[in-house]
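Numbering (our numbering), first residue to last: 1 to 492.
We put the beta carbon where it would ideally sit given N, CA and C, even for glycine.
Keep in mind that this is a model prediction, so the values were computed, not measured.
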RNA sequence: CGGGAAGUAGCGCAGGCCGGUAGCGCAUCUGGUUUGGGACCAGGGGGUCGCAGGUUCGAAUCCUGUCUUCCCGACCA
């Protein structure tokens with residue numbers, strides 16, 4: 001039991017850390033707040049990235065790449081955005097090191113190599129991108145511009161957590177330019193739908209689509225749309241955002257175009273992003289006390305085959321049959337591994353692949369060879385069955401689909417059970433304290449009330465759900481009239 | 001950035017008060033026996049005790065600084 005993990009009930013935070021580290025997704029590094037994404041974790045990210053990238057391209061977007069560094073003067077051009085990020089920016093001030101005359105073998109920053117203008121390491125790329133778009137846009141014929149970039153960004157966080165909040169992280173940021181407000185809003189909403197589609201159908205994680213309150217809005221945006229997911233400890237996690245930026249960046253960077261009537265107007269903008277934080281959401285939403293549970297569609301490994309040898313003579317027979325299976329699975333597009341490592345016995349391997357969350361395990365021994373069967377075990381339920389080796393690829397394919405659906409259904413049920421409608425302040429506090437999850441309540445629409453509720457309960461408005469219907473009511477806190485319910489929760 | 005805890009072999013830990021040159025379990029290597037839920041026997045290897053200073057004849061141990069991580073808080077489009 002050298003890899004025993006902390007149980008959720010014992011220490012939820014430690015459980016999460018154990019899964020990430022011992023499950024082989026990531027490791028700590030020598031740099032404060034920065035992690036190493038290990039091969040298993042990076043393969044997961046690649047699978048997510050590839051699926052998203054295809055969805056972006058299917059909706060007309062293309063990839064490009066902009067610089068890591070943003071000159072300070074550009075960064076500060078859109079004031080609200082700059083202010084919002086100012087406290088967490090890494091800044092490059094020098095461009096050279098030299099030998100330290102006082103210390104042999106050591107280097108020091110060369111004071112003579114100070115930059116004329118400091119470079120901000122991008123916390124997001126609106127500034128450098130809009131400064132570029134200015135040169136690309138003259139007429140309505142140049143619009144829309146639909147660009148996405150896959151990149152790393154840096155936000156100097158005080159308190160970091162693997163995947164959930166690190167100083168450097170990987171993400172994609174879409175930046176689009178449009179001729180009309182309506183078109184930009186449609187784009188914002190379209191990408192929100194793309195995110196919800198991806199997170200629900202690929203990551204098996206149900207989300208609530210909504211709009212952020214003013215307090216929670218992206219600095220520099222007119223409206224911030226979001227998808228919110230619920231973790232097993234009852235805390236919410238923002239899984240993706242899509243911003244309608246209005247003409248704020250166009251005005252800040254003077255990006256104008258001539259419309260069909262030959263009138264000059266500022267361009268309308270959007271930006272949208274999801275990050276490696278989604279991996280944190282995946283871990284916290286699905287996993288159990290035995291380890292990770294990967295949704296089959298993005299699992300780095302979908303099937304692992306564990307041989308169970310019995311005596312010398314069984315090895316070549318089992319290995320031969322396993323090789324056939326691997327070939328068949330690969331031909332069927334299934335990600336498979338045959339683990340014939342002889343250092344570890346079957347029981348050890350079972351535990352190891354459960355820790356890593358591989359959806360389907362196949363055990364194959366002499367008995368199976370004799371009967372023409374294999375033993376299938378599914379990770380999500382632990383259920384085992386003995387099935388015929390004939391038609392195994394079809395069987396496993398269907399099982400992978402079933403597992404994908406089952407873990408989504410499980411998460412959905414948990415989420416739905418944890419959206420609680422409340423109408424009194426007492427009830428509101430009680431639910432947040434004991435039941436946790438989303439609380440659906442009336443709110444008077446003011447930032448002051450939101451702030452007070454946050455101070456008293458640590459809960460924030462996660463979003464104003466897009467599908468909520470108008471309903472007369474009274475604000476849970478102030479008693480003032482309200483027209484619709486919003487979702488509160490404690491959040492990551 | 002404030003409060004608390006930790007850092008000794010790849011991993012988990014003991015030793016520290018009371019200073020004398022480092023130990024246990026797992027992992028690893030060799031050989032053998034094994035394999036349907038974390039194998040067993042025998043033998044072997046591996047550590048500038050996070051890093052840098054200081055005190056001392058002598059520092060894992062005492063002192064100072066610093067780095068990294070964890071927990072709580074503040075902060076977090």
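Answer with buried or exposed for residue i, where buried requires no fewer than 16 other C-beta atoms within 10 angstroms of its C-beta.
{"i": "residue 78", "result": "buried"}
{"i": "residue 212", "result": "buried"}
{"i": "residue 63", "result": "exposed"}
{"i": "residue 280", "result": "buried"}
{"i": "residue 300", "result": "buried"}
{"i": "residue 60", "result": "exposed"}
{"i": "residue 260", "result": "exposed"}
{"i": "residue 231", "result": "buried"}
{"i": "residue 65", "result": "exposed"}
{"i": "residue 206", "result": "buried"}
{"i": "residue 345", "result": "exposed"}
{"i": "residue 172", "result": "buried"}
{"i": "residue 271", "result": "buried"}
{"i": "residue 67", "result": "exposed"}
Helix, strand or coil for residue i? Go by DSSP, reduced to three states.
{"i": "residue 360", "result": "strand"}
{"i": "residue 47", "result": "helix"}
{"i": "residue 198", "result": "helix"}
{"i": "residue 59", "result": "coil"}
{"i": "residue 345", "result": "coil"}
{"i": "residue 492", "result": "coil"}
{"i": "residue 479", "result": "coil"}
{"i": "residue 270", "result": "strand"}
{"i": "residue 502", "result": "Residue 502 is absent from the structure shown; the chain starts at 1 and stops at 492."}
{"i": "residue 380", "result": "coil"}
{"i": "residue 190", "result": "helix"}
{"i": "residue 241", "result": "strand"}
{"i": "residue 292", "result": "coil"}
{"i": "residue 227", "result": "strand"}
{"i": "residue 263", "result": "coil"}
{"i": "residue 117", "result": "strand"}
Identify, in the order they occur along the chain, each residue of the same chain with its Cβ nearer than 6 Å to the Cβ of residue i, setting aside the five sequence neighbours on each side.
{"i": "residue 9", "result": "none"}
{"i": "residue 377", "result": "361 and 384"}
{"i": "residue 473", "result": "442 and 482"}
{"i": "residue 85", "result": "123"}
{"i": "residue 476", "result": "425, 428, 441 and 442"}
{"i": "residue 249", "result": "78, 126, 130 and 269"}
{"i": "residue 366", "result": "310 and 314"}
{"i": "residue 240", "result": "195, 227 and 274"}
{"i": "residue 170", "result": "152 and 276"}
Hey, could you find the ends of the beta strand (DSSP E) residue i is sitting in?
{"i": "residue 64", "result": "Unbroken run through residue 64: none, as it is neither H nor E."}
{"i": "residue 97", "result": "97-99"}
{"i": "residue 337", "result": "336-338"}
{"i": "residue 125", "result": "Element bounds for residue 125: n/a, residue is neither H nor E."}
{"i": "residue 72", "result": "Premise fails: residue 72 lies in the alpha helix (DSSP H), 72-75, not in any beta strand (DSSP E)."}
{"i": "residue 153", "result": "145-154"}
{"i": "residue 210", "result": "208-211"}
Less than 7 Å between C-beta atoms, sequence neighbours within five positions excluded: which residues of the same chain meet that for residue i?
{"i": "residue 387", "result": "373, 374, 376 and 395"}
{"i": "residue 468", "result": "484 and 485"}
{"i": "residue 110", "result": "94, 96, 97 and 98"}
{"i": "residue 198", "result": "51, 52 and 55"}
{"i": "residue 429", "result": "457"}
{"i": "residue 12", "result": "233"}
Please work out which residues of its chain come closer than 8 Å, Cβ to Cβ, to residue i, disregarding the five sequence neighbours upstream and downstream, and give them in chain order.
{"i": "residue 292", "result": "19, 23, 25, 283, 286, 355, 356 and 357"}
{"i": "residue 33", "result": "156, 157, 160, 166, 167 and 168"}
{"i": "residue 7", "result": "15 and 289"}
{"i": "residue 401", "result": "296"}
{"i": "residue 215", "result": "447, 450, 451, 460 and 461"}
{"i": "residue 2", "result": "Bear in mind that a pLDDT of 48 at residue 2, under 50, signals an unreliable position, so the number given afterwards is only what the model happens to contain. Closer than 8 Å at the Cβ level, and outside the excluded window around residue 2, lies no residue."}
{"i": "residue 267", "result": "133, 137, 143, 177, 178, 179, 247, 250, 255, 256 and 257"}
{"i": "residue 200", "result": "206, 207 and 408"}
Considering just the uninterrupted stretch of the alpha helix (DSSP H) at residue i, what are its terminal residues?
{"i": "residue 317", "result": "314-331"}
{"i": "residue 83", "result": "79-86"}
{"i": "residue 174", "result": "From DSSP, residue 174 is part of no alpha helix (DSSP H) but of the beta strand (DSSP E) over 168-178."}
{"i": "residue 137", "result": "Run containing residue 137: none; DSSP gives neither H nor E here."}
{"i": "residue 161", "result": "No alpha helix (DSSP H) contains residue 161, which DSSP labels as neither H nor E."}
{"i": "residue 369", "result": "366-371"}
{"i": "residue 251", "result": "248-252"}
{"i": "residue 280", "result": "277-286"}
For the ligand PLP, is there any heavy atom lying closer than 7 Å to the beta carbon of residue i?
{"i": "residue 360", "result": "Judged by which ligands are present, the structure shown has none, so any question about the ligand PLP falls away."}
List, from N- to C-terminal side, the beta strand (DSSP E) runs of 3 residues or more that fit wholly inside the stretch 383-407.
384-388
Go through the stretch 1-45 residue by residue and report every complete run of the beta strand (DSSP E) that reaches 3 residues or more, in order.
26-28 and 35-37
Would you mind listing the alpha helix (DSSP H) stretches within the stretch 409-448 that are 4+ residues and don't spill past its ends, in chain order?
Runs of the alpha helix (DSSP H) lying entirely within the stretch 409-448, each at least 4 residues long, are 425-430 in chain order.
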